[in-house]
Amino acid sequence: MRHNESVPIAPGALPLLGHLGRIGAEPQEFFRQLGDIGPVVRIRLARRTAYVVTSPALVRRILVGGRGEFDKGGPFFIPFTTLLGDGLATEPDSVHRVHRPLVQPAFHRSAMTGYMRRVTQSATRHIAEWDPHQIIEVDREMTALTTGVLTRSLFTDPVSSRCVDRFQRDLPIVLDGLGLRMGLPSIGRFPHPANRRFYRAVQHTTDSIETMIRHRKQSPEPHDDLLTLLLAPEPHADGVLNDELVRGHIWDFMLGGIEPTAALLSWTLHILATFPDHYARVQEEIDTVLAGASPTYQDLARLPQLQNTLTEALRLYPPVWVLSRTTTRACELDGHKLPQGADVIFSSWALHRHSDSFEDADRFDPDRWQPARVGRAQRDGFLAFGAGARKCIGDVFGVAEATAMLAVLLQNRRLQPVPGPRVVARRGMTLRPKGLRIAFAPLTSPKPAQDPACAAAPPNPGTGLRAPTP
């Protein structure tokens, strides 16, 4: 494939590695700095050439333009399609157009009431198991919480419950292994114990999913959950999903619903622990609106402070922070001709800090999401769930799940920051905080004195939190 030499190339490429060294050292800043070079920049990923798009308007054209020039693909999709098969997130547009209507009913708003009831019940049980004043490794605990809550909420029969126990053991291994393979696809070829653990966990999870499907199809008992909706034919769609497709979509939902939600919860807790005045505003809203009752799906819209905080956390720390596409034919982008089959990359982390879309973009300002302040540029520039026909099918569910889980947590526990090293991003399949530790005390315990080491925040988050660079 001949690449367009007129596209400016990023500096700092090394022999053999290309820009992989810089990406491995400071990936978020690397992609952000490319914006200073131009709207389209060439990079080298070992022997592979890719084009990074840094302009929000151009990314919008790629995702929403609808001219069929860009399809799912690129270097970051290889581990998923090779190991797990195709789901909605990875399958090509021609297949996605057929399958999405078959899956859409599972995420219709009418299904949310039942999902959220099970989410709150499962989250309440999980949080009740924490010891009083237990210091939590937030990233690890939010992953465990989200794994249990999501899987037990979406798969409800006894056989599925036993499979969920295996998911909780194996999925963290799968998630870490996939994250590593996104950056180093060839690492799976080495005969290393970590690779054997990864492939074993993938096989165990696949076997569990197939067991759930087989048992559910043989069971006469009705179940109001995701698996039932996936197996039921949709009267207005052309066809029905076979077992292989159902398996791929379940993989999709677990990968898309566990680690990204855990990352969102973790970063939001980091923000609340850093900014006690804003935390107090959110806590007051939860106490006033819910008055001690478990949140329902209908309650979530009555928690705008909490929802705006989550949305701003998604902007500053988008869990899925880099995405790729492949050109389906030779095309032109910002005056540059790209060949067919070219890899096109964009970083939502960098785009969410672009001045064309967000004023004072490095500042944590949840009030920017008040309806009166949300203009078109800001709305179009928010890409935490993608955009266009390939926008994440579970976006409404994911935000509702995170809102309900955080509301339950704050109804039962008080956040107490724990002094320690600076929190940095743990890079993998998603952007997650590494080194974040928080004590979660029962609400009945007295409030501790604020530790000066944990209080270095301006009194009003709307006037000055400079979001730390992961």
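The sequence shown begins at 1 in the UniProt record's numbering and counts up by one. For each residue, glycine too, the CB sits at the ideal point set by N, CA and C. Fair warning: this is a prediction, and the values are worked out from it, not measured in the lab.
Practice task
Work out the CA separation of VAL322 and ARG214 for me, nearest whole Å.
Solution key: Going by the C-alpha atoms only, they are around 36 Å apart.
Simplified DSSP state of LYS391, which is helix, strand or coil: LYS391: coil per DSSP, three-state reduction.
Taking 8 Å as the threshold, find out whether the stretch 346–355 comes into contact with the stretch 25–40 through three or more Cβ pairs. Two segments are said to touch when three or more pairs of C-beta atoms, one from each, lie closer than 8 Å; by this definition the stretch 346–355 touches the stretch 25–40.
Q | Assumed close pair VAL408, THR156 - CB separation to whole angstroms, cut-off 8 Å | A | Actually they do not touch by this definition, with Cβ atoms about 19 Å apart.
State the start and end residues of the unbroken beta strand (DSSP E) segment that holds ILE136.
Note, ILE136: beta strand (DSSP E), 134–137.
Checklist entry - How is GLY148 classed by DSSP in three states: helix, strand or coil? => result Reduced to three states, the DSSP call for GLY148 is helix.
**Request:** Out of PRO433, VAL423, MET405, ALA425, state which residue places its alpha-carbon closest to the alpha-carbon of ALA128.
**Result:** Nearest option by C-alpha distance: MET405.
CA-to-CA distance, VAL164 to SER153, given in whole angstroms
Each residue's alpha carbon lies about 10 Å from the other.
Could you tell me if SER6 is buried or exposed, where buried requires 16 or more neighbouring beta carbons within 10 angstroms of its beta carbon? Exposed, by the Cβ-count rule.
**Q.** Where PRO417 falls: helix, strand or coil (DSSP)
**A.** Strand.
(message) When you compare the CB positions of HIS270 and VAL418, do they come within less than 8 Å of one another, or not?
(response) Between HIS270 and VAL418, the CB-CB gap reaches or exceeds 8 Å.
Checklist entry - Is it buried or exposed for VAL98, if we count other Cβ within 10 angstroms and need 16 for buried? => result The C-beta of VAL98 has fewer than 16 other C-beta atoms within 10 Å across all chains shown, which makes the residue exposed.
query = Considering only C-alpha positions, which residue in the set LEU229, GLN203, PRO339 is nearest to THR49?
reply = Restricting attention to LEU229, GLN203, PRO339, the CA atom closest to the CA of THR49 is found in PRO339.
Where do the ends of the alpha helix (DSSP H) carrying VAL103 lie? It spans 93–103 - the alpha helix (DSSP H) in which VAL103 sits, taken as one unbroken run.
Report task. Find out if the Cβ-Cβ distance for the pair THR143, PHE167 is shorter than 8 Å. Result -> No, the pair does not count as a contact, with Cβ atoms beyond the cut-off.
Looking at the secondary structure, which residues open and close the beta strand (DSSP E) in which ASP157 lies? Careful: ASP157 lies outside any beta strand (DSSP E) and carries neither H nor E.
### Task
Determine the DSSP secondary structure at PHE170, reduced to helix, strand or coil.
This sequence places Asp at residue 170; Phe is not what is there. If DSSP states are grouped into helix, strand and coil, ASP170 belongs with the helices.
>> Could you tell me the alpha carbon to alpha carbon distance between ILE37 and PRO8, rounded to whole angstroms?
In response: Rounded to the nearest angstrom, the gap between the Cα atoms of ILE37 and PRO8 is 7 Å.
Worksheet item: Which residues share a DSSP beta bridge with PRO442?
Response: According to DSSP, which records beta bridges pairwise, PRO442 is partnered with ARG413.
How about ARG353 and ALA361: are their beta carbons less than 8 Å apart? In contact: ARG353 and ALA361 (Cβ atoms closer than 8 Å).
* Between the CA atoms of LEU272 and TYR279 - distance to the nearest angstrom -> The C-alpha of LEU272 is placed about 5 Å away from the C-alpha of TYR279.
Starting from PRO433, trace the beta strand (DSSP E) both ways and give me its first and last residue.
-> In this chain, the beta strand (DSSP E) harbouring PRO433 covers 431–434.
Evaluate the contact criterion for the stretch 380–396 versus the stretch 64–75: three or more CB pairs, one atom per stretch, below 8 Å.
By the criterion of at least three beta-carbon pairs nearer than 8 Å, the stretch 380–396 is in contact with the stretch 64–75.
In chain order, what residues of the same chain lie with their CB nearer than 6 Å to the CB of ALA201, ignoring the 5 residues before and after it?
Within the same chain, ALA201 has close Cβ partners ASP170, ILE173, VAL174.
task = Spatial neighbours of SER294 within its chain, please: CB distance less than 6 Å, with the 5 preceding and 5 following residues excluded, ordered by chain position.
result = The residues THR120, in chain order, have a CB closer than 6 Å to that of SER294 in the same chain once the five nearest residues on each side in sequence are set aside.
(request) May I ask which residues mark the beginning and end of the beta strand (DSSP E) holding THR44? (result) The sequence given here has Arg at residue 44, not Thr. Its beta strand (DSSP E) spans residues 40–45.
| said: Please classify ALA449 as buried or exposed, where buried requires at least 16 neighbouring CB atoms within 10 angstroms. | reply: Per-residue confidence for ALA449 stands at a pLDDT of 45, beneath the threshold of 50, marking its modelled position as unreliable; the derived number appears in the next sentence. Exposed, since its Cβ has fewer than 16 Cβ neighbours within 10 Å.
Go through its chain and collect everything with a Cβ distance to ARG44's Cβ below 6 Å, but skip five positions before and after it.
Correct list, in chain order: ALA13, GLY18, HIS19.
Out of GLU284, GLY381, LEU227, point me to the one whose CA is closest to ALA57's CA. For the options GLU284, GLY381, LEU227, the alpha carbon positioned closest to that of ALA57 is the one of GLY381.
Secondary structure at TYR297, three-state DSSP: helix, strand or coil? Residue state, collapsed to three classes: coil.
**Request:** Return helix, strand or coil for PHE31, following the three-state DSSP convention.
**Result:** In the structure shown, PHE31 sits in a helix (DSSP, three-state: H, G or I).
Is it the case that the stretch 425–440 contacts the stretch 131–140, given that we only count it when at least three CB pairs across the two stretches are under 8 Å?
Judged by Cβ distances under 8 Å, the stretch 131–140 makes contact with the stretch 425–440, as three or more pairs qualify.
Continuous beta strand (DSSP E) stretch holding ASP71: start and end | DSSP places ASP71 inside the beta strand (DSSP E), whose first and last residues are 70–72.
Can you list, in chain order, the residues of its chain with a C-beta nearer than 8 Å to that of SER357? Leave out the 5 residues immediately preceding and following it. Here the set comprises PRO56, LEU351, ALA377, GLN378, ASP380, GLY381, PHE382.
For THR430, I'd like the list of residues in its chain whose CB is within less than 7 Å of its CB, leaving aside the five on either flank, ordered along the chain. If we look at THR430 and ignore the five residues flanking it on each side, its Cβ neighbours are GLU259, PRO260, ALA263, PRO319, VAL320.
Straight-line gap, PRO75 to SER324 (C-alpha atoms, nearest Å) = For PRO75 and SER324, the distance between alpha carbons rounds to 7 Å.
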